[in-house]
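Participant: Shown below is the structure under consideration.
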Amino acid sequence: QKEVEQDPGPLSVPEGAIVSLNCTYSNSAFQYFMWYRQYSRKGPELLMYTYSSGNKEDGRFTAQVDKSSKYISLFIRDSQPSDSATYLCAMSRGSNYKLTFGKGTLLTVNP
Amino acid sequence: NAGVTQTPKFRVLKTGQSMTLLCAQDMNHEYMYWYRQDPGMGLRLIHYSVGEGTTAKGEVPDGYNVSRLKKQNFLLGLESAAPSQTSVYFCASSYSAFPKTSGEFNTDTQYFGPGTRLTVL
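These protein sequence lines map, in sequence, to chains W and S. So the first sequence is numbered by my numbering: it starts at 1 and just counts up by one. So the second sequence is numbered by my numbering: it starts at 112 and just counts up by one.
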């Protein structure tokens with residue numbers, strides 16, 4: 001079983017839709033959970049991070065972590081064409097500097 | 112403030128040739144990383160450095176060497192390129208690895224460069 005599983009998609013939604021992106025993981029030692037956004041032919045950029053379980057909201061984006069289920073989610077409300085990108089989840093034990101990445105989900109928001 | 116820069120942006124090599132990828136950061140970050148990104152494989156850590164003069168192996172280090180002679184630069188070398196090394200290479204840096212306060216990741220996130228697309232024929 002891979003440490004981090006992420007559905008690669010692709011996911012195509014109409015503008016204004018609510019998007020749900022998810023990752024599951026197997027290592028219960030992960031404490032820090034991140035979502036990176038990567039536009040085509042660009043480097044990943046940090047979008048959201050969460051420590052332990054709970055929710056975190058930033059504008060149209062909400063990150064959720066359920067450590068009991070080893071499941072994390074990223075919700076995008078009122079999705080825009082500019083949200084079209086690959087979204088990567090990443091996790092860390094916190095006691096070291098290594099991030100474990102999911103493979104990424106390709107999202108397309110159609111105008 | 113340029114952040115993390117990588118040179119070159121593109122390169123085509125023949126099998127057996129050597130080359131060096133340069134990563135530079137102007138954020139005074141202690142930690143630097145080299146990743147490769149392949150379709151269906153995600154980002155995989157090749158080597159990393161926790162400070163000037165130090166390097167360590169990541170998940171997929173074979174066929175690569177690195178050096179961190181200056182704090183702001185992290186070099187990735189391919190001594191004898193192979194087609195399996197065709198990939199997009201990303202450098203990243205972070206100020207530190209550990210949270211500054213309990214339960215908070217603070218600003219110690221990894222910042223990525225724009226990538227180098229390498230093709231080995």
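Note that beta-carbon positions come from the ideal geometry of N, C-alpha and C, so glycine has one too.
Answer with yes or no whether the minimum CB distance from Gln251 of chain S to chain W is below 8 Å.
Facilitator: In this structure chain S extends from 112 to 232, so residue 251 of chain S is not present and cannot be described.
Participant: Could you tell me the distance, in whole angstroms, from the CA atom of Thr165 of chain S to the CA atom of Arg179 of chain S?
Facilitator: Translated into the one-based positions of the second sequence, residue 165 of chain S becomes position 54. Translated into the one-based positions of the second sequence, residue 179 of chain S becomes position 68. Each residue's alpha carbon lies about 6 Å from the other.
Participant: Identify the residues that DSSP records as bridge partners of Gly188 of chain S: which are they?
Facilitator: As a working mapping, residue 188 of chain S is identified with position 77 in the second sequence. BP columns for Gly188 of chain S point to S:Thr131 and S:Asn176.
Participant: Once you ignore the five residues that flank Leu99 of chain W on each side, which residues in its own chain have a CB closer than 6 Å to its CB?
Facilitator: Looking up residue 99 of chain W in the first sequence gives position 99. Taken in chain order, the residues that qualify are Ala90 and Ser92.
Participant: How long is the line joining the alpha carbons of Thr197 of chain S and Val65 of chain W, rounded to whole angstroms?
Facilitator: Taking the second sequence and counting its residues from 1, the one referred to as residue 197 of chain S is at position 86. Taking the first sequence and counting its residues from 1, the one referred to as residue 65 of chain W is at position 65. Distance between the alpha carbons of Thr197 of chain S and Val65 of chain W is about 35 Å.
Participant: Taking a contact to mean a Cβ-Cβ separation below 8 Å, would you say Pro111 of chain W touches Pro81 of chain W in this structure?
Facilitator: Locating residue 111 of chain W in the first sequence gives position 111, where the first residue counts as 1. Locating residue 81 of chain W in the first sequence gives position 81, where the first residue counts as 1. Result yes, Cβ atoms of Pro111 of chain W and Pro81 of chain W sit closer than 8 Å.
Participant: In chain order, what residues of the segment 38-52 of chain W put their CB closer than 9 Å to some CB of chain S?
Facilitator: Answer set for the segment 38-52 of chain W: Gln38, Arg41, Lys42, Gly43, Pro44, Glu45, Leu46, Tyr49, Thr50, Tyr51 and Ser52.
Participant: Against chain S, with Cβ distances strictly below 8 Å, would Gly9 of chain W count as a contact?
Facilitator: Here residue 9 of chain W corresponds to residue number 9 of the first sequence, with the count starting at 1. For Gly9 of chain W, the answer is no, since every Cβ of chain S falls outside 8 Å of its Cβ.
Participant: Quick check: Tyr175 of chain S and Leu187 of chain S, are their CB atoms within less than 8 Å of each other?
Facilitator: For this step, residue 175 of chain S is matched to residue 64 along the second sequence. For this step, residue 187 of chain S is matched to residue 76 along the second sequence. The answer is yes: Cβ separation under 8 Å.
Participant: Would you say Gly54 of chain W lies against chain B (beta-carbon separation less than 8 Å)?
Facilitator: Going by chain labels, chain B is absent from the structure shown, which instead holds the protein chains W and S.
Participant: Within 8 Å (strictly less), CB to CB, does Leu88 of chain W reach chain S?
Facilitator: By 1-based counting over the first sequence, the position of residue 88 of chain W is 88. So yes, Leu88 of chain W belongs to the interface.
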